[in-house]
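First the structure, in the form of structure tokens, and then the observations on it.
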């Protein structure tokens, strides 16, 4: 097993596509798909497509688990989810032709302390099998806001590297445990900072503060203008190719998978960033998560622009950049 992803609050995603949604009226959907999902699960599927041996864990409702069980078997993903009584939540995602995605997230499982201990025991068993963990997604009811920080601390004590992709209070609390890498978009970064973050100079200021707190890698999404990776030794910027946007669902998770893939293999930052950006660009051009043929990535890899930004000065970093990921990845 190469990498383990942790999804604390998975979901059954009902993704629909239509031209433009009209509120208060009957809307005809041109395409619909019901699938097992969740940020960590999405990351695992892309990692599997990249050739990795992936294990998955988290909490999963026993009453409607079949879609997940079928997916894990079909994709040859290592299923280490802890089953709990009840139903995993259902999320409705409405994807419009413009690329806008509207989420309707239904309530899900309520986790008690016993189930917390069972999950931590499962993670203890998985820890010797993988050096890299991806902790991604929202928290279910019953779980304390600082629980991600607790898991990060637990894994770091075992010498593990943790890529952390959450939002809101979970992100703010988890950052305190200093994971290996975080990947906020501008909205999430602004929430953490308590002020609007727009320019690259403002992003650099935030990244340096986060790095000073012990987080070596800070990757910030900047929409169609790409992303900036503030690493321990250098800062890199990647600009994706322009794509016909079908759905942004899974784009951020695909990016995380690419970053996890390259970092865990010890790739150079430029190579890692190029792959992660290409995989994310591919994701917005389709409804499904992942890909069946590595050859589809080849032209995108060539189109990604990667440059090193040295000695960042305010004059270099005055670009206003729109948010990349108002996507359905906030699970």
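Residue numbers (the numbering used here): 20 to 350. We put the beta carbon where it would ideally sit given N, CA and C, even for glycine. As the structure is a prediction and not an experimental result, all values here were calculated from the model.
Margin query: Rounded to the nearest angstrom, what separates residue 255 and residue 80 at their Cα positions?
Written below: Position 236 of the chain shown holds residue 255. Position 61 of the chain shown holds residue 80. The straight-line gap from Cα to Cα measures roughly 41 Å.
**Prompt:** Could you check where the beta strand (DSSP E) with residue 114 kicks off and where it finishes?
**Reply:** Indexing the chain shown from 1 puts residue 114 at position 95. Segment 108-115, the beta strand (DSSP E) holding residue 114.
Item checked: Cβ-based neighbour list, residue 342, same chain, cut-off 6 Å, excluding 5 preceding and 5 following -> Within the chain shown, residue 342 is the residue found at index 323, counting from 1. Confidence at residue 342 is low in this model, with a pLDDT of 33, below 50, so its placement is unreliable and no value can be given for it.
Requested in this report: Name, in chain order, the residues that DSSP records as bridge partners for residue 236.
Outcome: Counting from 1 along the chain shown, the entry for residue 236 is found at position 217. Beta-bridge pairing links residue 236 to 200.
Can you tell me which of the three DSSP states residue 308 falls into? To locate residue 308, count along the chain shown from 1; it is residue 289. DSSP places residue 308 in coil when its eight states are reduced to three.
Contiguous alpha helix (DSSP H) assignments of at least 4 residues, all confined to the stretch 65-137
Given a length threshold of 4 residues, each whole run of the alpha helix (DSSP H) inside the stretch 65-137 is given here in chain order: 85-93.
- Task: State the DSSP-derived secondary structure class of residue 55, mapped to helix, strand or coil.
- Result: Within the chain shown, numbered from 1, the residue matching residue 55 stands at position 36. Three-state result, residue 55: strand.
* Quick one: give me the first and last residue of the beta strand (DSSP E) that residue 247 is part of. => Counting from 1 along the chain shown, the entry for residue 247 is found at position 228. Its beta strand (DSSP E) spans residues 246-249.
Handout entry: Assigned exposure category for residue 64 - 16 Cβ within 10 Å defines buried
Key = Along the chain shown, one-based indexing puts residue 64 at 45. Residue 64 is buried by the Cβ-count criterion.
Note to self: Any beta carbon from chain B within less than 7 Å of residue 51's own beta carbon?
What the structure shows: This model lacks chain B altogether; it includes just one protein chain.
Following the continuous alpha helix (DSSP H) through residue 275, name the residue where it begins and the one where it ends. As a first step, residue 275 must be located in the chain shown, where it is residue number 256. Element bounds for residue 275: 270-283.
Residue 160 - partner residues in DSSP beta bridges: In the chain shown, the residue the question calls residue 160 occupies position 141. 129.
By Cβ distance, which residues of its chain are closer than 8 Å to residue 234, with the 5 residues on each side in sequence left out?
As a first step, residue 234 must be located in the chain shown, where it is residue number 215. If the five residues before and after residue 234 are omitted, its C-beta is found closer than 8 Å to the C-beta atoms of 194, 197, 198, 199, 200 and 201, all from its own chain and listed in chain order.
- prompt: My guess is that residue 257 and residue 245 are in contact by the Cβ rule of under 8 Å, so how many angstroms apart are they, rounded?
  reply: Start at 1 with the first residue of the chain shown, and residue 257 comes out as number 238. Start at 1 with the first residue of the chain shown, and residue 245 comes out as number 226. At roughly 5 Å, the Cβ-Cβ gap stays under 8 Å, so residue 257 and residue 245 are in contact.
Exposed or buried, which one is residue 213 when buried takes at least 16 other CB atoms within 10 Å? Within the chain shown, residue 213 is the residue found at index 194, counting from 1. By the neighbour-count rule (16 or more Cβ atoms within 10 Å), residue 213 is not buried but exposed.
* Asked: For residue 143, which option in 284, 280, 23 and 278 has the closest C-alpha, if you only look at C-alpha atoms?
  -> Walking along the chain shown from the start, residue 143 turns up at place 124. The residue with the shortest Cα to Cα distance from residue 143 is 23.
Within 10 angstroms of the Cβ of residue 48, are there 16 or more other Cβ atoms? Answer buried if so, exposed if not. Within the chain shown, residue 48 is the residue found at index 29, counting from 1. Per the 10 Å Cβ criterion, exposed.
Item to complete: Just the C-alpha distance for residue 171 and residue 44, rounded to the nearest angstrom, thanks.
Response: Walking along the chain shown from the start, residue 171 turns up at place 152. Walking along the chain shown from the start, residue 44 turns up at place 25. Rounded to whole angstroms, residue 171 to residue 44 spans 45 Å at the Cα level.
message: For residue 326, report the span of its beta strand (DSSP E) as first-last.
response: Along the chain shown, one-based indexing puts residue 326 at 307. Element bounds for residue 326: 324-328.
Problem set entry | Boundaries of the beta strand (DSSP E) in which residue 218 is found, first to last residue | Numbered from 1 along the chain shown, position 199 holds the residue referred to as residue 218. Neither: residue 218 is in no beta strand (DSSP E) and is coded neither H nor E.
Item to check | Check whether residue 182 and residue 153 have beta carbons under 7 Å apart | outcome: The count along the chain shown starts at 1 and reaches residue 182 at position 163. The count along the chain shown starts at 1 and reaches residue 153 at position 134. Cβ atoms of residue 182 and residue 153: closer than 7 Å.
Looking only at its own chain, which residues have a Cβ that is under 8 Å from the Cβ of residue 315, when we skip the five neighbours before and after it? To locate residue 315, count along the chain shown from 1; it is residue 296. Excluding sequence neighbours, residue 315 sits near 301.
>> Assuming the contact rule is C-beta atoms closer than 8 Å, residue 117 and residue 41 should be a hit. Round their C-beta distance to whole Å, please.
In response: To locate residue 117, count along the chain shown from 1; it is residue 98. To locate residue 41, count along the chain shown from 1; it is residue 22. About 13 Å; that fails the 8 Å criterion.
Can the beta-carbon of residue 105 be found less than 7 Å from the beta-carbon of residue 128? Residue numbering aside, residue 105 sits at position 86 when the chain shown is read from its first letter. Residue numbering aside, residue 128 sits at position 109 when the chain shown is read from its first letter. Going by C-beta atoms, residue 105 is nearer than 7 Å to residue 128.
**Message:** Excluding the 5 residues flanking residue 232 on each side, which residues of the same chain have their C-beta closer than 8 Å to its C-beta?
**Reply:** Counting from 1 along the chain shown, the entry for residue 232 is found at position 213. Only 194, 195 and 197 meet the Cβ criterion.
Taking residue 301 as part of the alpha helix (DSSP H), name the residues at either end of that continuous run.
Residue numbering aside, residue 301 sits at position 282 when the chain shown is read from its first letter. Note, residue 301: alpha helix (DSSP H), 288-303.
Among all the DSSP beta bridges, which residues are the ones paired with residue 35?
Counting from one through the chain shown, the residue named residue 35 turns up at place 16. Paired residue(s): 51 and 113.
Residue 74 and residue 145 - do their beta-carbons sit closer together than 7 Å?
Taking the chain shown and counting its residues from 1, one reaches residue 145 at position 126. Taking the chain shown and counting its residues from 1, one reaches residue 74 at position 55. For residue 145 and residue 74, yes; Cβs fall inside 7 Å.
With a Cβ-Cβ cutoff of 7 Å, do residue 149 and residue 20 count as a contact? Taking the chain shown and counting its residues from 1, the one referred to as residue 149 is at position 130. Taking the chain shown and counting its residues from 1, the one referred to as residue 20 is at position 1. Contact: yes.
Going along the chain, which residues of its own chain have a beta-carbon closer than 6 Å to the beta-carbon of residue 46, five neighbours each way excluded?
Locating residue 46 in the chain shown gives position 27, where the first residue counts as 1. Answer for residue 46: 37 and 40, listed in chain order.
Q) Cα separation between residue 269 and residue 60? A) The residue given as residue 269 occupies position 250 in the chain shown. The residue given as residue 60 occupies position 41 in the chain shown. In this structure, the straight-line span from the alpha carbon of residue 269 to that of residue 60 is close to 10 Å.
Does the Cβ of residue 131 have 16 or more other Cβ atoms within 10 Å, making it buried, or fewer, making it exposed?
For this step, residue 131 is matched to residue 112 along the chain shown. By the neighbour-count rule (16 or more Cβ atoms within 10 Å), residue 131 is not buried but exposed.
| said: According to DSSP, is residue 23 part of a helix, a strand, or is it coil? | reply: Within the chain shown, numbered from 1, the residue matching residue 23 stands at position 4. Reduced to three states, the DSSP call for residue 23 is strand.
> How long is the line joining the alpha carbons of residue 248 and residue 179, rounded to whole angstroms?
Replying inline: The sequence position of residue 248 within the chain shown is 229, counting from 1. The sequence position of residue 179 within the chain shown is 160, counting from 1. Approximately 21 Å between the Cα atoms of the pair.
Considering residue 154, what are the terminal residues of the beta strand (DSSP E) in which it resides? Stepping through the chain shown from its first residue, residue 154 is reached at position 135. 151-155 is the span of the beta strand (DSSP E), which, as asked, contains residue 154.
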